[in-house]
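Engineer: Structure provided below as structure tokens; questions to follow.
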Amino acid sequence: MNIFRFLGDMSHILSFVILLLKITQGKSAAGISLRTQELYMIVFCSRYLDLFWNFSSLYNSFLKVVFIACSSAIVYIIRFKSPQKDTWNPELDNFPIQYLIGPCAVAGLLINQDWTPFEMIWAFSIYLEAVAILPQLFLLQKQGEVENLTSHYVAALGAYRGLYLMNWVYRYFTEDDYLQRIVWFAGTVQTGLYIDFFYHYYQSKRGGLSRPVKLP
Amino acid sequence: YDGAAPKDEL
Numbered sequence: 002m003n004i005f006r007f008l009g010d011m012s013h014i015l016s017f018v019i020l021l022l023k024i025t026q027g028k029s030a031a032g033i034s035l036r037t038q039e040l041y042m043i044v045f046c047s048r049y050l051d052l053f054w055n056f057s058s059l060y061n062s063f064l065k066v067v068f069i070a071c072s073s074a075i076v077y078i079i080r081f082k083s084p085q086k087d088t089w090n091p092e093l094d095n096f097p098i099q100y101l102i103g104p105c106a107v108a109g110l111l112i113n114q115d116w117t118p119f120e121m122i123w124a125f126s127i128y129l130e131a132v133a134i135l136p137q138l139f140l141l142q143k144q145g146e147v148e149n150l151t152s153h154y155v156a157a158l159g160a161y162r163g164l165y166l167m168n169w170v171y172r173y174f175t176e177d178d179y180l181q182r183i184v185w186f187a188g189t190v191q192t193g194l195y196i197d198f199f200y201h202y203y204q205s206k207r208g209g210l211s212r213p214v215k216l217p
Numbered sequence: 114y115d116g117a118a119p120k121d122e123l
């Protein structure tokens, strides 16, 4: 555990807190992509299947359960709970996620660590996480203007990815035999998807102003 | 492939 990894996990947790607060306190899921949240639920449920047989630390196992629980709760609230379910707009949030899930499943089958069923599922979850934010980014793009809490949510997720990237660099130089090409590749792609958002986020928040983020 | 990759990240 290093500081980058720890802060990365914390900002990941923060993103869940922001989103849960937004939809429970604000009673609205407007601007939030249910598609992205469903993808995250699939990602965590498939990657953390190994909760049943792998144990590396209490910290890890606890957070795995937290991530599955939070993403499931978010999906449940937006899909089934009133009044939130009535604020979700399926016409706006209509990214065809089958085009993300399909290719990631094929990639997981073909490119994985050692051709065991769990490694295939695990690789699938890594690939799917890399692109899971796309429906959310497309939704924001369509809306043009992004509500503050939503922009903080995406920013926290982006920070989590950036910090994980730094964690990998740190581990590469401080540990022997630390090599995970699949994770590095997918993680770099994933972080890259946030660059445009961060540019606009910075533009609207600089100088202490708290204007909503405007996307072209 | 990465035989040594540890699954200790989230």
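Those protein sequences? They're chains A and B, same order as listed.
In terms of the numbering used here, the first sequence opens at residue 2 and continues consecutively.
In terms of the numbering used here, the second sequence opens at residue 114 and continues consecutively.
We put the CB at the ideal spot given by N, CA and C, even for glycine.
What separation, rounded to the nearest whole angstrom, lies between the Cα atoms of Ala117/B and Glu176/A?
Structural biologist: Position 4 of the second sequence holds residue 117/B. Position 175 of the first sequence holds residue 176/A. Any reading at Ala117/B must be qualified, since the residue scores a pLDDT of 46, below 50, and its modelled position is unreliable; no value is offered.
Engineer: Secondary structure at Lys82/A, three-state DSSP: helix, strand or coil?
Structural biologist: In the first sequence, counting from the first residue as 1, residue 82/A sits at position 81. Looking at Lys82/A - three-state DSSP - the assignment turns out to be coil, as it is neither helix nor strand.
Engineer: Need the endpoints of the alpha helix (DSSP H) that Ala131/A sits in, please.
Structural biologist: Within the first sequence, numbered from 1, the residue matching residue 131/A stands at position 130. That run of the alpha helix (DSSP H) goes 118 to 132.
Engineer: Give the residues of chain B in contact with Asn61/A, contact being defined as C-beta atoms less than 7 Å apart.
Structural biologist: Position 60 of the first sequence, counted from the start, is the residue given in the question as residue 61/A. Within 7 Å Cβ-Cβ: Asp121, Leu123.
Engineer: Chain B beta carbons: is any one of them nearer than 9 Å to that of Arg6/A?
Structural biologist: Here the question's residue 6/A lines up with position 5 in the first sequence. For Arg6/A, the answer is yes, since a Cβ of chain B falls inside 9 Å of its Cβ.
Engineer: If you compare alpha carbons, which of Ala160/A, Ile69/A, Asp94/A is closest to Gln142/A?
Structural biologist: Within the first sequence, residue 142/A is the residue found at index 141, counting from 1. For Gln142/A, the nearest C-alpha among the options comes from Asp94/A.
Engineer: Run through DSSP, which three-state label would Glu148/A get?
Structural biologist: As a working note, residue 148/A is residue 147 in the first sequence. Correct three-state label for Glu148/A: coil.
Engineer: When the distance is taken between beta carbons, is Tyr165/A closer than 9 Å to Thr192/A?
Structural biologist: Taking the first residue of the first sequence as 1, we reach residue 192/A at position 191. Taking the first residue of the first sequence as 1, we reach residue 165/A at position 164. Yes, they are a contact pair.
Engineer: I believe Ala187/A touches Ala131/A by the beta-carbon criterion, under 8 Å. Please report the beta-carbon distance rounded to the nearest angstrom.
Structural biologist: Within the first sequence, the letter at position 186 stands for residue 187/A. Within the first sequence, the letter at position 130 stands for residue 131/A. 4 Å between Cβ atoms; contact.
Engineer: Assess, as a yes-or-no matter, whether the region 30 to 50 of chain A is touched by the region 67 to 80 of chain A under the definition of 3 or more beta carbon pairs within less than 8 Å.
Structural biologist: yes
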